[in-house]
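Following the numbering used here, the numbering of the sequence shown begins with 1372 at its first residue and continues without gaps. Written below as structure tokens is the structure these notes are about.
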Amino acid sequence: MKHTPISDALTKMPVGTTITVKGWVRTFRSNRFIALNDGSTIENIQAVVDFEKFDEKVLRQINTGACLKISGDLVSSIGSGQKVEIQVVTLDVLGGADPEKYPLQPKKHSLEFLREQAHLRFRTSTFSAVFRIRHAASFAIHKYFNDRGFFNIHSPIITASDAEGAGEMFRVSTLDATNPPKNELGTADFSQDFFERETHLTVSGQLEAELAALALSKVYTFGPTFRAENSNTSRHLAEFWMIEPEVAFNDLHDNMDLAEDFLKYIVKYVLQHCAADLAFLDKRLQDEEKGKPKNERTEQTLLEKLQFVAENNFVRLSYTEAIEILRNSKPNKKKKFKYLIEEWGADLQSEHERYLVEQHFKCPVILFDYPAKIKAFYMRLNDDGKTVRAMDVLFPGIGEIVGGSQREERLEVLKEKMTQFEIDHEQLYWYLDTRRFGSCVHSGFGLGFERLVQFVTGMSNIRDVIPFPRTPGKAEF
Ligand code: ATP
Ligand code: MN
């Protein structure tokens, strides 16, 4: 018999039908009640065994973590917490789980402990909820762009350009790392390497997306990106997924409109399609908050926060205005910031971004027109000669979630900028070609997918929203 996903068994199947379900045991109580979960939903189905009808040997194998196939009749449940349950007729243990050795016992485990059990943590309510939501957000992203006439471009993962300036890169090489062939200078001779040049894992698909946008008008990439930055923070991974839309004829304001509309759409989509998982995570967070001292608790619940972002306009202000606010802020005057804001031109740290969003405006903020010196070479120079048309979207609890800009479309200005940033014109000739032939105003941004998933799930550490996190010293699974 075909088996029924537990989500369907709980919501779609009429009482009285005989069904088969397969899944993993969450708990087995009183030698009678099995809570079975197959990941199709956060809910477990309750299966009731009449222990007199089953062999003791079978019953002994119904342990937390064991995989079962259960057939029986779907009946109304008199117990609280569920509408229907299964009266078990046949029960097969597909895969046992030794209760002495199975690490996930039915009790609360810390997220840190579960990170060490990344191969099994999918089987917890928290992580299955997170990964179902992650899927929904990913699907919504493709849907958003597809419905609006964007084309998905698969930008390369291996790249020869190291000019993007977005962070430290991982080398890709087939040379013998312990004894590479040497050139006249005595350093590794990459002309003998696989690609006959130095190559790395990409830190961004933007430059390639620009090439496509200047032909297909509206494109986006959604792929893995790699940064060998040694930042052990709750918001950085060495391997993360990035969404990078790039649009011909969009200026900075169109770009901000797109980012805001896009983010709200994803949040609304998740609110609409992941209600049960969100309700679970919301409750989880509220329980966690109760354990904190009053002054450290957040004011909004997860659901309130998501609704707030979906329904309210983001504040937009220039970097220059932000610096004024920060300079006169309490934490700056009382020297509470780790990095004090003294003058225009300072790079904003996460503490400053979060102050603006969480304390000052209490709302997502888009900052624009940053000093040219602290931003990448490809951002369009403003007429003041010192700021560029950059924009960062800052979110509560996260800080920077999106970084983008209007791109420098003027060949001479771009070349000048590359010279200043000591970027080889020859190496990026293909990028410059778009400015030589049919250049136009265009803009785009990068959204860190995991930071978005962090936001919508309320998970405080980025390592808990990607199945197998890569961070300094960690690549076990
Ligand atoms: P940050 O200052 O937070 O390190 P960034 O300025 O290096 O970010 P960008 O180069 O603009 O970030 O990348 C675009 C987006 O990619 C960021 O807004 C963020 O959402 C995400 N991002 C950047 N670095 C990482 C990382 N190491 N892990 C996860 N997401 C990241
Ligand atoms: Mn960074």
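Quick reminder that beta carbons are idealized off the backbone N, C-alpha and C, glycines included. Given the structure is predicted, the values throughout are model-derived calculations rather than measurements.
So what does Gly1774 bridge to, in DSSP terms?
The count along the sequence shown starts at 1 and reaches residue 1774 at position 403. For Gly1774, which the question treats as bridged, DSSP gives the partners Asp1763 and Gly1817.
Hey, could you find the ends of the beta strand (DSSP E) Trp1395 is sitting in?
As a first step, residue 1395 must be located in the sequence shown, where it is residue number 24. Counting along the chain, Trp1395 sits inside the beta strand (DSSP E) bounded by residues Thr1389 to Arg1400.
Please report the Cβ distance between Arg1687 and Phe1739, rounded to the nearest whole angstrom; I am assuming they are in contact, meaning their Cβ atoms lie under 8 Å.
Looking up residue 1687 in the sequence shown gives position 316. Looking up residue 1739 in the sequence shown gives position 368. Contact holds; Cβ gap of about 7 Å.
Quick one, are the C-beta atoms of Ile1524 and Ala1580 less than 8 Å apart?
If you number the sequence shown from 1, residue 1524 lands on position 153. If you number the sequence shown from 1, residue 1580 lands on position 209. Their beta carbons are under 8 Å apart, which means Ile1524 touches Ala1580 by this criterion.
Whose C-alpha, out of Ile1769, Ala1743 and Asp1718, is nearest the C-alpha of Val1736?
On the sequence shown, residue 1736 is found 365 positions in, with the first residue counted as 1. When only C-alpha atoms are compared, the closest one is Ile1769.
If I measure Cβ to Cβ from Glu1779 and keep anything under 7 Å in the same chain, skipping five residues before and after, which residues do I get?
Taking the first residue of the sequence shown as position 1, residue 1779 is located at position 408. The residues are Tyr1749, Met1750, Arg1751, Leu1752, Leu1785 and Lys1788.
Compare the C-alpha of Gly1466 against each of Arg1486, His1490 and Leu1439 and name the closest.
By one-based count along the sequence shown, residue 1466 stands at place 95. Measuring from the Cα of Gly1466, the nearest candidate turns out to be Leu1439.
Ile1377 classed as buried or exposed, judged by whether at least 16 other C-beta atoms fall within 10 angstroms:
By one-based count along the sequence shown, residue 1377 stands at place 6. By the neighbour-count rule (16 or more Cβ atoms within 10 Å), Ile1377 is buried.
Using DSSP with H/G/I as helix, E/B as strand and the rest coil, what is Asn1666?
Position 295 of the sequence shown, counted from the start, is the residue given in the question as residue 1666. Looking at Asn1666 - three-state DSSP - the assignment turns out to be helix.
Look at the Cβ atom of His1571, then the Cβ atom of Thr1604, and state whether they are nearer than 8 Å.
The residue labelled residue 1571 in the question sits at position 200 within the sequence shown. The residue labelled residue 1604 in the question sits at position 233 within the sequence shown. No, the Cβ-Cβ distance between His1571 and Thr1604 is not below 8 Å.
Shortest alpha-carbon distance to Gln1791 belongs to which of Leu1765, Glu1771, His1813 and Lys1746?
One-based indexing of the sequence shown puts residue 1791 at position 420. Comparing Cα-Cα distances from Gln1791 to each of Leu1765, Glu1771, His1813 and Lys1746, the minimum goes to Lys1746.
Report all residues from its chain with a CB closer than 6 Å to the CB of Ala1647; omit the five preceding and five following residues, and keep chain order.
Counting from 1 along the sequence shown, the entry for residue 1647 is found at position 276. The residues are Ile1413.
At a cut-off of 7 Å, is Glu1600 close to the ligand MN when judged by its beta-carbon and the heavy atoms of the ligand?
Position 229 of the sequence shown, counted from the first residue, corresponds to residue 1600. Yes; taking the cut-off as 7 Å, the Cβ of Glu1600 has a heavy atom of the ligand MN nearer than that.
Buried or exposed: which applies to His1607, given that a residue is buried once 16 or more other Cβ atoms fall within 10 Å of its Cβ?
Counting from 1 along the sequence shown, the entry for residue 1607 is found at position 236. The residue in question, His1607, is buried, as its Cβ has 16 or more Cβ neighbours within 10 Å.
Count the other CB atoms within 10 Å of the CB of His1813; is the residue buried (16 or more) or exposed (fewer)?
Position 442 of the sequence shown holds residue 1813. That one is buried.
Alpha carbon to alpha carbon, how far is Ile1837 from Lys1663? Give it in angstroms, no decimals.
One-based indexing of the sequence shown puts residue 1663 at position 292. One-based indexing of the sequence shown puts residue 1837 at position 466. Cα to Cα, the separation comes out at about 26 Å.
Residue ranges of each beta strand (DSSP E) run of no fewer than 3 residues wholly in the region 1417 to 1450, ordered along the chain?
1438 to 1447
Looking at chain D, is there any beta carbon in it that lies within less than 8 Å of the beta carbon of Glu1793?
Of the protein chains in this structure there is only one, and it is not chain D.
According to the neighbour-count rule (16 or more other Cβ atoms, all chains shown, within 10 Å of its Cβ), is Pro1767 buried or exposed?
Within the sequence shown, the letter at position 396 stands for residue 1767. Looking at its Cβ environment, which holds 16 or more other Cβ atoms inside 10 Å, Pro1767 is buried.
By DSSP, does Val1574 sit in helix, in strand, or in coil?
Within the sequence shown, residue 1574 is the residue found at index 203, counting from 1. Assignment of Val1574 by DSSP, reduced to helix, strand and coil, places it in the coil class.
Counting Cβ pairs, one atom from each stretch, are 3 or more of them under 8 Å apart for the region 1507 to 1523 and the region 1578 to 1597?
yes
Go ahead and label Pro1616 buried or exposed: buried means 16 or more other beta carbons lie within 10 angstroms of its beta carbon, across all protein chains shown.
Residue numbering aside, residue 1616 sits at position 245 when the sequence shown is read from its first letter. So Pro1616 ends up on the buried side.
Should His1723 be listed as close to the ligand ATP, given that the test is whether its C-beta is under 7 Å from any heavy atom?
For the purposes of this step, residue 1723 is taken as residue 352 along the sequence shown, with counting starting at 1. No, since every heavy atom of the ligand ATP falls outside the 7 Å radius drawn around the Cβ of His1723.
On the three-pair Cβ rule with 8 Å, is the region 1820 to 1828 touching the region 1469 to 1480?
Flag = no, the region 1820 to 1828 and the region 1469 to 1480 do not touch.
Going by the beta-carbon positions, is the gap between Ile1390 and Val1419 smaller than 8 Å?
Against the sequence shown, residue 1390 aligns to sequence position 19. Against the sequence shown, residue 1419 aligns to sequence position 48. No, they are not a contact pair.
Trp1395 burial status per 10 Å Cβ neighbour count (16 or more: buried)
Locating residue 1395 in the sequence shown gives position 24, counting from the first residue. Classification of Trp1395: buried, given that the 10 Å Cβ count is 16 or more.
Which residues in the same chain have their Cβ closer than 6 Å to the Cβ of Ala1630, if we skip the five residues on either side of it in sequence?
Translated into positions along the sequence shown, residue 1630 becomes position 259. Excluding sequence neighbours, Ala1630 sits near Val1764, Val1773 and Phe1816.
Below 8 Å between beta carbons: does that hold for Arg1841 and Ala1609?
Within the sequence shown, the letter at position 470 stands for residue 1841. Within the sequence shown, the letter at position 238 stands for residue 1609. A contact, by the Cβ cut-off of 8 Å.
Endpoints, beta strand (DSSP E) assigned at Thr1592
For this step, residue 1592 is matched to residue 221 along the sequence shown. Segment Lys1589 to Phe1597, the beta strand (DSSP E) holding Thr1592.
Candidates Thr1388, Tyr1800, Ile1405 and Lys1701: closest to Asp1444 by CA position
Here residue 1444 refers to the residue found at position 73 of the sequence shown. Of the listed residues, the one whose Cα sits closest to Asp1444 is Thr1388.
Note down the Cα distance separating Val1386 from Ser1448, rounded to an integer number of angstroms.
Reading the sequence shown from its first residue, position 15 is the one you call residue 1386. Reading the sequence shown from its first residue, position 77 is the one you call residue 1448. Taking the straight line joining both Cα atoms gives about 10 Å.
In the region 1599 to 1656, which residue ranges form an unbroken beta strand (DSSP E) of at least 3 residues, counting only runs that do not cross its ends?
1610 to 1619
Answer with buried or exposed for Gln1577, where buried requires no fewer than 16 other C-beta atoms within 10 angstroms of its C-beta.
Along the sequence shown, one-based indexing puts residue 1577 at 206. Buried, since its Cβ has 16 or more Cβ neighbours within 10 Å.
Mapping DSSP to helix, strand and coil, what is Tyr1802?
Residue 1802 sits at position 431 when you count from the first residue of the sequence shown. Look at Tyr1802 here: in three-state DSSP terms it is helix.
Can you list, in chain order, the residues of its chain whose CB lies under 7 Å from that of Val1455, leaving out five sequence neighbours each side?
Taking the sequence shown and counting its residues from 1, the one referred to as residue 1455 is at position 84. Around Val1455: Leu1381, Val1386, Leu1445, Val1446, Ser1447 and Ser1448.
Range of the contiguous alpha helix (DSSP H) that encloses Val1501:
Reading the sequence shown from its first residue, position 130 is the one you call residue 1501. First-last of the alpha helix (DSSP H) with Val1501: Ser1496 to Asp1518.
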